[in-house]
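Asker: Sending over a structure as structure tokens; questions will come in a sec.
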Amino acid sequence: ETVPDEVDCLVVGAGPVGLYQVFQLGLQELSCAVVDTLPFLGGQCAELYPDKPIHDLPGLLACSGAELVERLNRQLEPLRPRSVLGQEIVSLTAEADGRWRLADAAGRVWLARTVVLAAGVGAFAPRRLKLAGIEALEGRQVWHREPRPDDPIGALPWVHGGDDRALDAVFALVERGAPAVHLLYRRDTYPAHAERVARLEQLIAQGRVVRHVGQPEALRLDESGQLVGIAWMASDGGSPEHAASALHISLGLNPRLGPLADWDLGLARKQVPVDPASCETRLAGVYAVGDVCSYPGKLKLIVCGFHEATLAAHAIARRLRPEAPHILEYTTSSARLQRLLGVD
Ligand code: FAD
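What follows is the structure, given as structure tokens:
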């Protein structure tokens, strides 16, 4: 078994609230790390509305989702927390000494004196294409993720989807030298950035990308179970099919609460009930903040999540250092906080 990483607090979820949680724990001089399923920081702000301005953050007239994430990340940089991206925490179990053991899907293990669940509306997972026989091809000729340089793509790679990620997948395959990349999407317009769409149209005009409009209906396999073709339902009602050697699927991400549902947290309507004074759940030393938590009057707003993260950090400091006096310090006047933030 891998040697566990030991931390005062493990934060599950790097959305805006998880990031601010890490900042507040850092001000308490507690060691912490944050883990997220997504390969980037920012949760819903980064995934669902990076370019939309938020207008109700205190004192910020307008700040896009991406800018907020960038600002939160810059603010916590001096505290140098560890972050592990692209990994889902899949288990939470109690140790005899009162600590919590958590493991991610890759088998990395954490031993944490406390845990903060900042899991939002859940871990974002790729929306899957449901077709007969697809599971057996996953990881060999079919992927629900972006192409990586060592994926075998063969002579006839396909991409299914029309968003920014789908078009990026097309560009990556073109750059790998595929003679032609086939793109299948239900419409002939794409919900992607204008520059990407322009680049796509150019590649189509050059014959480097072949456009198909329709919904995939079936995968064709040969006797040895290899993917050899794709059939789809075209907008004119026809059912054309074409040879294929690989298929990258990009249909967006869906949040799912996933493993959290099995952790005896007493979930009510997909939220974790907490004590509003500390944000502690019914498991001692396990806290929940942000969209995932609930208490009377809870609002799923970023500013409320920031408040919860602040309360949780103070409650965790009191829990882990019960003998130390707990003094409220201001960043404007505390030499200790200023030293931590590198602003002294
Ligand atoms: P999230 O942002 O959901 O982040 C949770 C993170 O946890 C995710 O990245 C997820 O991958 C990760 N995660 C979950 N489970 C696991 C696991 N087991 N292992 C690892 N990682 C895990 N709020 C406002 O205040 N003002 C607005 O103007 C505003 N506009 C919005 C517009 C839209 C379109 C949407 C969808 C929301 C808006 N919100 C707004 C709401 C705001 O985005 C949420 O309140 C906020 O994102 C909650 O932050 P969070 O950190 O709690 O959760």
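Counting from 6, one number per residue, gives the positions in the sequence shown under UniProt numbering.
Ideal Cβ placement from N, Cα and C applies to all residues, glycine included.
Anyone know if the C-beta pair for LEU46 and ALA71 falls short of 8 Å?
Answerer: The residue given as residue 46 occupies position 41 in the sequence shown. The residue given as residue 71 occupies position 66 in the sequence shown. Contact flag unset, no.
Asker: Hey, out of VAL74, GLN343, ASP156, whose CA is closest to residue 411's CA?
Answerer: Outside the shown range of the chain, which is 6 to 349, sits residue 411, and nothing can be said about it.
Asker: Which runs of the alpha helix (DSSP H) at least 4 residues long sit entirely within the segment 90-177? Give them in chain order.
Answerer: With a minimum length of 4 residues, the continuous alpha helix (DSSP H) runs that stay inside the segment 90-177 are 139-142.
Asker: Helix or strand or just coil, what does DSSP make of GLY182?
Answerer: Within the sequence shown, residue 182 is the residue found at index 177, counting from 1. GLY182: coil per DSSP, three-state reduction.
Asker: Go ahead and pull the three-state DSSP assignment for GLY219.
Answerer: To locate residue 219, count along the sequence shown from 1; it is residue 214. Strand.
Asker: Under DSSP, the beta strand (DSSP E) around GLU246 begins and ends at which residues?
Answerer: Counted from its first residue, the sequence shown places residue 246 at position 241. GLU246 -> beta strand (DSSP E) spans 246-248.
Asker: Between LEU325, LEU142, TYR195, which lies nearest to VAL12 when the distance is taken from Cα to Cα?
Answerer: As a first step, residue 12 is located in the sequence shown; it is residue number 7 there, counting from the start. That would be LEU325, whose Cα lies nearest to the Cα of VAL12.
Asker: Where does ILE59 sit, in a helix, a strand or coil, going by DSSP?
Answerer: Here residue 59 refers to the residue found at position 54 of the sequence shown. Three-state DSSP puts ILE59 in a strand.
Asker: Please report the Cβ distance between ALA249 and LEU232, rounded to the nearest whole angstrom; I am assuming they are in contact, meaning their Cβ atoms lie under 8 Å.
Answerer: In the sequence shown, residue 249 corresponds to position 244, counting from 1. In the sequence shown, residue 232 corresponds to position 227, counting from 1. So it is a contact: roughly 6 Å between Cβ atoms.
Asker: Check the C-beta distance from VAL186 over to PRO162 and give it rounded, since I have them as a contact under 8 Å.
Answerer: Residue 186 sits at position 181 when you count from the first residue of the sequence shown. Residue 162 sits at position 157 when you count from the first residue of the sequence shown. Confirmed, about 6 Å.
Asker: Is LEU43 close to the ligand FAD? I mean its beta-carbon at under 7 Å from any heavy atom of the ligand.
Answerer: The sequence position of residue 43 within the sequence shown is 38, counting from 1. Indeed, a heavy atom of the ligand FAD lies less than 7 Å from the Cβ.
Asker: Assuming the contact rule is C-beta atoms closer than 8 Å, ARG192 and GLY167 should be a hit. Round their C-beta distance to whole Å, please.
Answerer: Translated into the one-based positions of the sequence shown, residue 192 becomes position 187. Translated into the one-based positions of the sequence shown, residue 167 becomes position 162. Confirmed, Cβ separation roughly 7 Å.
Asker: Classify GLY20 as helix, strand or coil using the three-state DSSP reduction.
Answerer: Here the question's residue 20 lines up with position 15 in the sequence shown. It is coil, neither helix nor strand.
Asker: Which of the three DSSP states, helix, strand or coil, is assigned to HIS198?
Answerer: Translated into positions along the sequence shown, residue 198 becomes position 193. HIS198: coil per DSSP, three-state reduction.
Asker: Between the C-alpha atoms of ARG106 and PRO9, what's the straight-line distance to the nearest angstrom?
Answerer: For the purposes of this step, residue 106 is identified with residue 101 of the sequence shown, where counting begins at 1. For the purposes of this step, residue 9 is identified with residue 4 of the sequence shown, where counting begins at 1. Roughly 9 Å between the two C-alpha positions.
Asker: Where does PRO264 sit, in a helix, a strand or coil, going by DSSP?
Answerer: Position 259 of the sequence shown, counted from the start, is the residue given in the question as residue 264. Helix, per DSSP.
Asker: With hydrogens ignored, establish whether the beta-carbon of ALA128 is closer than 7 Å to any heavy atom of the ligand FAD.
Answerer: As a position in the sequence shown, residue 128 is number 123, starting the count at 1. The answer is yes for ALA128.
Asker: By a C-beta neighbour count over all protein chains shown, 10 Å radius and 16 as the cutoff for buried, is ALA174 buried or exposed?
Answerer: Sequence index remark: in the sequence shown, residue 174 carries index 169 (1-based). By the 10 Å Cβ count, ALA174 comes out buried.
Asker: What runs of the alpha helix (DSSP H), each 4 residues or longer, lie entirely inside the segment 258-343?
Answerer: Listed in chain order, they are 307-325.
Asker: Comparing alpha-carbon positions, which option in GLU228, GLN29, GLY64 lies nearest ARG85?
Answerer: Locating residue 85 in the sequence shown gives position 80, where the first residue counts as 1. Minimum Cα distance to ARG85 is reached at GLN29.
Asker: Under 8 Å between the Cβ atoms of ARG287 and GLY263?
Answerer: Indexing the sequence shown from 1 puts residue 287 at position 282. Indexing the sequence shown from 1 puts residue 263 at position 258. Their beta carbons are not under 8 Å apart, which means ARG287 does not touch GLY263 by this criterion.
Asker: Which word fits ILE332, buried or exposed, when buried means at least 16 other C-beta atoms lie within 10 angstroms of its C-beta?
Answerer: The sequence position of residue 332 within the sequence shown is 327, counting from 1. Flag for ILE332 reads exposed.
Asker: Note down, in chain order, each residue of its chain lying with its Cβ closer than 6 Å to the Cβ of residue 422, except the 5 sequence neighbours on either side.
Answerer: A query on residue 422 cannot be resolved here, the shown segment of the chain reaching from 6 to 349 and no further.
Asker: Does DSSP put GLU11 in a helix, a strand or coil?
Answerer: Residue numbering aside, residue 11 sits at position 6 when the sequence shown is read from its first letter. Strand, per DSSP.
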